[in-house]
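Report on the structure given below.
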Amino acid sequence: MTRIYMARPLPKRVQEAARAHFDVTVREITTPLTGDEMRMALAEFDGVVPTLGDMFTAEVFADVPKPRCQVLANFGVGYNHIDVAAAKAAGIAVSNTPGAVTDATADIALLLMLMSARRAGEGERLLRARQWEGWHPTQLLGMHLGGKTVGIVGMGRIGQAIARRCTYGFGMQVAYHSRSPKELDFEAERKGSLLELAACVDVLVIAVPGGAETHHLINAEVLSAMQPHAHLVNIARGNVVEESALIAALQAGQIAGAGLDVYEFEPEVPKALIDMENVALLPHLGTAALEVREDMGLMSVDNLKAFFAGTPLPNAV
Ligand SMILES: NC(=O)C1=CN([C@@H]2O[C@H](COP(=O)(O)OP(=O)(O)OC[C@H]3O[C@@H](n4cnc5c(N)ncnc54)[C@H](OP(=O)(O)O)[C@@H]3O)[C@@H](O)[C@H]2O)C=CC1
Ligand SMILES: O=C(O)C(=O)CO
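For the sequence shown, the working numbering begins at 1146 and goes up steadily by one.
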């Protein structure tokens, strides 16, 4: 029977769906795979379900010259942890889970926009510290999102879902930056450059894929182009934002605040960020809902089923 290695315990429904078709081994711990575990998985299993943090680099593939593994059915849309070219050179196909993650991640972007602009974390901390002395007209005044402009870096599936929420839910204007123009079903202005976008928005939201091309895309230059009342939200990958530059920009008051779901050296979160009141910090919650994680897992299983049935991968990378 086809042997599948699941790199994390996935929801029960997903495990059952996989076991209905394959001989499944579930790794019962939640940390990223070690190099030895990745090499073992490539050598001993026909398919692997890896996820973010499992660093399938060119070196790992090179260490297993004759892999038994034929497919990496990634659990998650982002695949910057897999060297796809090296996988293909090793004869291993790669798939991901686009779409299943879109709405939930867009929701978290909006949550972070509100948390940062409306100072929600700060307010909750005040209350939990029992320091709230009651409502008054000038307490914790934040920025109202209605009528403001959101700038989206990466107008893909999640970027568009964020834009729709901003347009129809919050009455915001939308501007964006991406490498190619998009056919959109809502109004949005494509800016000529990232710097131009950064300079004109009240909230800048990052929704590009991770990887070499977007590493430190949001650097000191971009942050200094932003307006002092503007907020930065990152739901993409941590290292798209140069974290030291972000900390410096926040400390210098170059921007008003930030909302982060992802971190450059995840799960490390710099003390400087933790110490700042105007930063909302979430532990990579983008897709953290049972239904969403089930949909992601079932999509990975569908890719495995298609691959081993000899039909095209529904979500080939
Ligand atoms: N926080 C979380 O839990 C989650 C995070 N994510 C992250 O979100 C990312 C985006 O997902 P999704 O929307 O589905 O992906 P898509 O591929 O649909 O969208 C990404 C968009 O980014 C644009 N883009 C790519 N490179 C650049 C660049 N250098 N500059 C500007 N724009 C660029 C692309 O457009 P074009 O090619 O035209 O430039 C594309 O439209 C994932 O790769 C993942 O890393 C996803 C799910 C959950
Ligand atoms: O899907 C992804 O890329 C994530 O970050 C986790 O859902």
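Where is the CB? At the ideal position from N, CA and C, for every residue including glycine.
- The beta carbon of Met1183 lies closer than 7 Å to those of Asp1199, Phe1201 and Val1205 in the same chain, with the five residues before and after it left out.
- Excluding the 5 residues flanking it on each side, Gly1268 has same chain C-beta neighbours closer than 6 Å at Leu1285, in chain order.
- A direct Cα-Cα distance of roughly 30 Å separates Phe1315 from Ala1390.
- If you draw a straight line from the Cα of Met1300 to the Cα of Leu1256, it is about 19 Å long.
- Under DSSP, Tyr1150 takes part in a beta bridge, and its partners are Thr1170 and Val1193.
- By the neighbour-count criterion, in which a residue is buried when 16 or more other Cβ atoms sit within 10 angstroms of its Cβ, Glu1413 is exposed.
- Annotated three-state conformation of Ile1297 is strand, per DSSP.
- Listed in chain order, the alpha helix (DSSP H) elements of length 4 or more contained wholly in the stretch 1252-1279 are 1265-1273.
- The DSSP-derived three-state label of Gly1402 is strand.
- The DSSP-derived three-state label of Ala1163 is helix.
- At least 7 Å separates the beta-carbon of Gly1402 from that of Asn1384.
- Apart from the 5 residues on each side of it in sequence, Asn1379 sits with its Cβ closer than 7 Å to the Cβ of Ile1351, Val1385, Val1386, Leu1405, Asp1406 and Val1407 in its chain, given in chain order.
- Short of 8 Å from the beta carbon of Leu1342, and not among the five residues preceding or following it, lie these beta carbons of its own chain, in chain order: Gly1296, Val1298, Ala1320, Tyr1321, His1322, Lys1336 and Leu1349.
- Two segments are said to touch when three or more pairs of C-beta atoms, one from each, lie closer than 8 Å; by this definition the stretch 1213-1232 does not touch the stretch 1272-1286.
- Annotation: the continuous alpha helix (DSSP H) that includes Leu1391 extends over Glu1388 to Gln1396.
- Residue environment for Thr1432: buried (at least 16 other C-beta atoms within 10 angstroms of its C-beta).
- Distances between the C-beta of Asp1248 and the heavy atoms of ligand 1 are all 6 Å or more.
- For Thr1294, the distance from the CB to the nearest heavy atom of ligand 2 is not below 6 Å.
- Here Glu1334 carries a strand assignment [DSSP, helix/strand/coil].
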